[in-house]
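This report refers to the structure that appears directly beneath it.
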Amino acid sequence: MTDSVDTTRYARVAVERGIDRYPDGLTYRVPNELCDIRLGDFVSVPLGRGDAEVHGVVVGLGSDELLDSRLMPARIKAISSIDRTSDPMPSTVVRLAQWISSYYCAPIGVTIAGITPSAVRKGVGRIKRIAVELVPEQDPACTESPSKQIRLHPKRQAVLDALARHLPSDLPIDIEALQTECGLATRAPILALIKSGHLRATHRTSVQAKWGASSMDERRIPEPTLDQMTVIESISRALDRGFSQHLLFGVTGSGKTEVYLRLATQVLAAGRSVLYLVPEISLTPQTAGRIVGRLPRERMAILHSGLTAAQRHEQWIVATRPGAKIVIGARSAIFAPIPDGELGLIIVDEEHDQSYKQDQSPRYHGRDVAIRRAQLSSCPVILGSATPSLESWWNATTRGVSQLHQLPHRAPGLLTPRVEVVDFRRETALRRDRRVHLVGPTLEFALRQCFAAGGQAIVLLNRRGYANWIACPDQECGWMMQCAHCEIGMVVHHDRSGGALLRFARCHHCQAEQKVPTRCPRCAKSATIFGLGTQRVEEELARLFPDLVSRNQIARVDSDSMSDASDFHEILGRFGRGECRMLLGTQMIAKGLDFPNVQVVGVISADTALNLPDFRASERTFQLVAQVSGRCGRSQIPGRAIIQTFQPDAEPILAAARQDYPEFARQELEVRKRFGLPPVHRMARVVIRHETREEAERIATTVCRALAALPEASGVIIRGPAPCPIARIADRWRIQIEVLAESPARLQQFLAAARSRAILSPGEVMAIDVDPVALL
Ligand code: ADP
Ligand code: ZN
Ligand code: ZN
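Here the working numbering is used: position 672 in the sequence shown is 943, and no number is missing along the way.
So this is what it looks like as structure tokens:
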């Protein structure tokens, strides 16, 4: 450092504020005493007039080249301190954050804050520990020590002897472990040895957290089939050859997990690390158990929403340790601090899943970030699904940027489920009474047969609550109960937790609650309640199967019935042990579950997803029906899936029943091409939000005009401004502008130009969503 005293060093710091004026971070001076600063270090810096200390991360280091015309060198503040108890963020992760900030139009500070667990940023669960090792004999400082000649106290000698028995690779050893090993009542003898220069102490930080024992999967390891072998061999040839992208399209139950596990084992054996992403909801003990049972637990970090802050921090630290390891987790695990140069493979299971997209800033897509991280780390990435997203399918079959691998058959011993589409109108006509029925005779009969044979069942309805309409029966009056804060109908909910039935209306967008009116407020006719919800289905199933209810064998799984992830884990545990016979729930139960005794799957209404005002409605419906049907037939007993629908001729439903993804994709891509929609074109959506409708409209119009006037706007299609499908949420009016471009590069150029001119500035009023997956 002595020869560089003349050049002042600067750092770019991303602070946790939504400042978008400095997309590369704020510039600070590096004081001499902090000259060992590293990229990715967690630091404290003064911010604003009052110089309030804020946390941040170093995202750039350099000298004068970091200064721009806006900055006066004399007024640049200095970094206050470096948090030396945390390892710096690996530079790959810093670069990933910079890419996200630019690609997804999010301020760098918000991005960094959004990708590091708050427990890590705040140091939750971190405690200081002391580790000790012997000072080598030849150390001159030690031989001069007078205490060396004196005969040691037996307790101290015992400590030295114990340390000498350890392999050098085990050292330094934790002071508490050493104390226990020597059977000492206090640490005093060890501390004395540190003082006398016999031992060297290092301060280590670690986090302590209790880790609940994961249930291990006892199933034996299957011999891979020929199809599986072909895929494994073909992808393993790509290992150690830099970046490559693979799409594993394998029908439900084809044994994709087996392919991942074998490839992961190969990568670990070669001394490199693996990142394994699964949708949040798949991180059940079942999935974890299958992986834990096959790979070394001590080299595994598992990150999911069911962890406490301290556990999350502990798992994060496991990921930072050098050496081959596997990190398993949902979306945000893609930012796991695996050291640079160590990553050998990234796996994204159920890559089509919507939960990979974050719905607040930074609005990144975990799958696409995974592809980016694989590029930055020069390693292969595998995307796997039975129902690939059209984006991934397009990449593999048309753009040729990804290699397609297929598993067209179910694993040996699994039978293909029989999928029956039933016309719900005819089903209800078969019922003689005048009651509302949500479970038709076909599904009811199939369930009865299944339970009689000792089987289990899964029943899906993609909507929470009891019923979703509260309206006036008089068509001319036309009143419908809307949320007072949103432009959307309210949903009736029942609560029996207090014994008596409590009925109320809840808004699923702002969570506001109201009493359910008995009469129409306009014409005083008595209000009617209709539509579907999981609670209503539960009520009907309870009426049909009183025996199951009395034995507590029906479980409803939706975000109302469970307070956190551990409730879900517990229910799945009961279902796995056969204590529970029927699972009823929302799409949470449609994915990834592998229970051999499930003989019947019922879909109450395949129409709920089909009628959404979103160009992905068909794709969602296909995925839902195909995925949930795939939950049965996972053993020698043939499975039956009964799909109730008002639109029995709808192509996505029929294609899913035939399990014909390629044909569905072909037809759907034709539609996307014709209308210039993703994945054929790239989309960004800008939503303006404001308390008054006029102001929202005014801002949106101004933004839209300014966007259209940009030179970069040629070749870009700008649609809008138009009200969002839900025109107001939580008292804010919402106006959208859609931008479509032929290529990602074109779209990026356009967005960057608009951002640098501050036409687009993400924040309270404006939300920018690049590659949106939901358009409500
Ligand atoms: P997918 O993820 O493709 O839906 P899974 O990996 O869950 O499929 O596999 C379904 C079931 O088939 C699992 O119980 C798994 O243990 C079993 N299985 C996978 N591969 C084989 C194989 N080669 N031989 C026998 N059983 C297999
Ligand atoms: Zn509302
Ligand atoms: Zn009325």
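Ideal Cβ positions, reconstructed from N, Cα and C, are used throughout, including at glycine.
Query raised in the report: Mind checking H424: buried by the 16 CB within 10 Å criterion, or exposed?
Result: The residue labelled residue 424 in the question sits at position 153 within the sequence shown. Exposed: under 16 other Cβ atoms inside 10 Å.
Report task. Can you list the residues near ligand 4, meaning Cβ strictly closer than 6 Å to any non-hydrogen atom, in the order they appear in the chain? Result -> Of the ligands this structure carries, namely ligand 1, ligand 2 and ligand 3, none is ligand 4.
Report task. Can you say whether A1038 is buried or exposed, counting buried as having 16 or more other CB atoms within 10 angstroms of its CB? Result -> Position 767 of the sequence shown, counted from the start, is the residue given in the question as residue 1038. It counts as buried.
**Report entry** Segment contact, 8 Å Cβ cut-off, at least three pairs: the segment 972-979 with the segment 929-940
**Finding:** no
Report task. Have a look at G385, A667, R366, I444 and flag the residue whose alpha-carbon is nearest the alpha-carbon of A402. Result -> Here residue 402 refers to the residue found at position 131 when the sequence shown is read from its first residue. The option with the nearest alpha carbon to A402 is I444.
Query raised in the report: Taking the C-alpha atoms as reference points, what is the distance between A641 and D312?
Result: Taking the sequence shown and counting its residues from 1, one reaches residue 641 at position 370. Taking the sequence shown and counting its residues from 1, one reaches residue 312 at position 41. Distance between the alpha carbons of A641 and D312 is about 23 Å.
Report task. Can you grab the Cα-Cα spacing for the pair A826 / A861, in whole Å? Result -> The count along the sequence shown starts at 1 and reaches residue 826 at position 555. The count along the sequence shown starts at 1 and reaches residue 861 at position 590. Computed Cα separation, rounded: 15 Å.
Query raised in the report: What are the start and end residues of each continuous alpha helix (DSSP H) run of 4 or more residues lying completely inside the segment 863-920, in chain order?
Result: 878-881, 888-900
Query raised in the report: Below 7 Å between beta carbons: does that hold for G362 and L310?
Result: Mapped onto the sequence shown, residue 362 falls at position 91. Mapped onto the sequence shown, residue 310 falls at position 39. The question names Gly, but residue 362 is Ser in the sequence shown. Yes, the Cβ-Cβ distance between S362 and L310 is below 7 Å.
Report task. Take F801 as the anchor and find which of A813, P792, V787 has the nearest alpha-carbon. Result -> As a first step, residue 801 must be located in the sequence shown, where it is residue number 530. It is V787.
Query raised in the report: In terms of alpha-carbon separation, which member of T669, A667, F722 lies closest to L815?
Result: Taking the first residue of the sequence shown as 1, we reach residue 815 at position 544. Nearest C-alpha to L815: F722.
Query raised in the report: So R793 and C754 are in contact, right, with Cβ under 8 Å, and what is the actual spacing, rounded?
Result: Taking the first residue of the sequence shown as 1, we reach residue 793 at position 522. Taking the first residue of the sequence shown as 1, we reach residue 754 at position 483. In fact, because the Cβ distance is near 17 Å, the residues do not count as touching under 8 Å.
Query raised in the report: Roughly how many angstroms lie between the CA atoms of I461 and Q586, to the nearest whole one?
Result: Start at 1 with the first residue of the sequence shown, and residue 461 comes out as number 190. Start at 1 with the first residue of the sequence shown, and residue 586 comes out as number 315. Each residue's Cα considered, the two are about 30 Å apart.
Requested in this report: Report, in whole angstroms, the separation of the C-beta atoms of T616 and A535, which I expect to be a contact under 8 Å.
Outcome: Within the sequence shown, numbered from 1, the residue matching residue 616 stands at position 345. Within the sequence shown, numbered from 1, the residue matching residue 535 stands at position 264. Here the sequence assigns Leu to residue 616, which means Thr is not the residue at that position. About 7 Å separates the two Cβ atoms, so the contact holds.
Query - Separation of D511 from I465, as counted between CA atoms - result: Taking the first residue of the sequence shown as position 1, residue 465 is located at position 194. Taking the first residue of the sequence shown as position 1, residue 511 is located at position 240. The alpha-carbon atoms of I465 and D511 are separated by roughly 46 Å.
**Report entry** Within the segment 787-836, ranges of the beta strand (DSSP E) (whole runs, at least 3 residues)
**Finding:** 799-801, 825-828
Query - Pair within 7 Å by beta-carbon distance, I741 and M752 - result: Here residue 741 refers to the residue found at position 470 when the sequence shown is read from its first residue. Here residue 752 refers to the residue found at position 481 when the sequence shown is read from its first residue. Yes, they are a contact pair.
Query raised in the report: The alpha helix (DSSP H) spanning D694 covers which residue range?
Result: Here residue 694 refers to the residue found at position 423 of the sequence shown. Careful: D694 lies outside any alpha helix (DSSP H), inside the beta strand (DSSP E) at 689-694.
**Report entry** C-beta atoms of E569 and R471 nearer than 7 Å
**Finding:** As a first step, residue 569 is located in the sequence shown; it is residue number 298 there, counting from the start. As a first step, residue 471 is located in the sequence shown; it is residue number 200 there, counting from the start. Cβ atoms of E569 and R471: not closer than 7 Å.
Report task. Throw me the rounded Cβ distance for the M853 and A728 pair, which I believe falls under 8 Å. Result -> The residue labelled residue 853 in the question sits at position 582 within the sequence shown. The residue labelled residue 728 in the question sits at position 457 within the sequence shown. Rounded, the Cβ-Cβ distance is 5 Å, consistent with contact.
Query raised in the report: Taking the alpha-carbon positions, what's the G327 to P593 distance?
Result: Reading the sequence shown from its first residue, position 56 is the one you call residue 327. Reading the sequence shown from its first residue, position 322 is the one you call residue 593. Each residue's alpha carbon lies about 24 Å from the other.
Query - DSSP three-state assignment for M360, whether helix, strand or coil - result: The residue labelled residue 360 in the question sits at position 89 within the sequence shown. M360: coil per DSSP, three-state reduction.
Query raised in the report: Where do the N-terminal and C-terminal ends of the beta strand (DSSP E) with S246 fall, by residue?
Result: Past the boundaries of the shown model lies residue 246; the chain is included only from 272 to 1047, so the question cannot be answered.
Report task. Decide yes or no for the touch test of the segment 709-721 against the segment 904-918: beta carbon pairs closer than 8 Å, at least 3 of them. Result -> yes
Query - Closest by C-alpha distance to E715, when choosing among L731, V692, L812 - result: Stepping through the sequence shown from its first residue, residue 715 is reached at position 444. Nearest C-alpha to E715: L812.
Requested in this report: Would you check if the distance between the CB atom of P950 and the CB atom of E622 is smaller than 7 Å?
Outcome: For the purposes of this step, residue 950 is identified with residue 679 of the sequence shown, where counting begins at 1. For the purposes of this step, residue 622 is identified with residue 351 of the sequence shown, where counting begins at 1. No, these two residues do not count as a Cβ contact at 7 Å.
Query raised in the report: Does the separation of the CB atoms of G991 and I1008 fall below 7 Å?
Result: As a first step, residue 991 must be located in the sequence shown, where it is residue number 720. As a first step, residue 1008 must be located in the sequence shown, where it is residue number 737. Their beta carbons are under 7 Å apart, which means G991 touches I1008 by this criterion.
Query - For F520: DSSP bridge partner residues - result: In the sequence shown, residue 520 corresponds to position 249, counting from 1. Answer is S656, Q677.
Report task. Measure from the alpha carbon of R1084 to the alpha carbon of each residue in C781, E336, E809, then state which is nearest. Result -> Outside the modelled stretch of the chain, which goes from 272 to 1047, sits residue 1084, for which no answer is possible.
Query raised in the report: Out of L718, P378, A604, R911, which has the shortest C-alpha to C-alpha gap to S1027?
Result: Reading the sequence shown from its first residue, position 756 is the one you call residue 1027. Residue P378 is the option with its Cα nearest to S1027.
**Report entry** Near ligand 3: R790 beta-carbon under 6 Å from a heavy atom
**Finding:** The residue labelled residue 790 in the question sits at position 519 within the sequence shown. It does not: the Cβ of R790 is nowhere closer than 6 Å to a heavy atom of ligand 3.
Query - For A412, the three-state DSSP class (helix, strand or coil) - result: The sequence position of residue 412 within the sequence shown is 141, counting from 1. Model confidence at A412 stands at a pLDDT of 43, short of 50, so the residue's coordinates are unreliable and nothing is read from them.
Query raised in the report: DSSP state of I1084, grouped into three classes?
Result: Examination of residue 1084 is not possible in this model, given that the chain is present from 272 through 1047 alone.
Requested in this report: State the Cα-Cα distance for the pair F839 and S830, rounded to the nearest angstrom.
Outcome: Locating residue 839 in the sequence shown gives position 568, counting from the first residue. Locating residue 830 in the sequence shown gives position 559, counting from the first residue. Answer to the nearest angstrom: the Cα atoms are 9 Å apart.
Requested in this report: Would you kindly work out how many angstroms separate the C-alpha atoms of Y281 and P1033, rounded to a whole number?
Outcome: The residue given as residue 281 occupies position 10 in the sequence shown. The residue given as residue 1033 occupies position 762 in the sequence shown. Distance between the alpha carbons of Y281 and P1033 is about 27 Å.
Requested in this report: Report whether the distance from the Cβ of R793 to the nearest heavy atom of ligand 3 is below 6 Å.
Outcome: Residue 793 sits at position 522 when you count from the first residue of the sequence shown. Yes - ligand 3 has a heavy atom lying nearer than 6 Å to the Cβ of R793.
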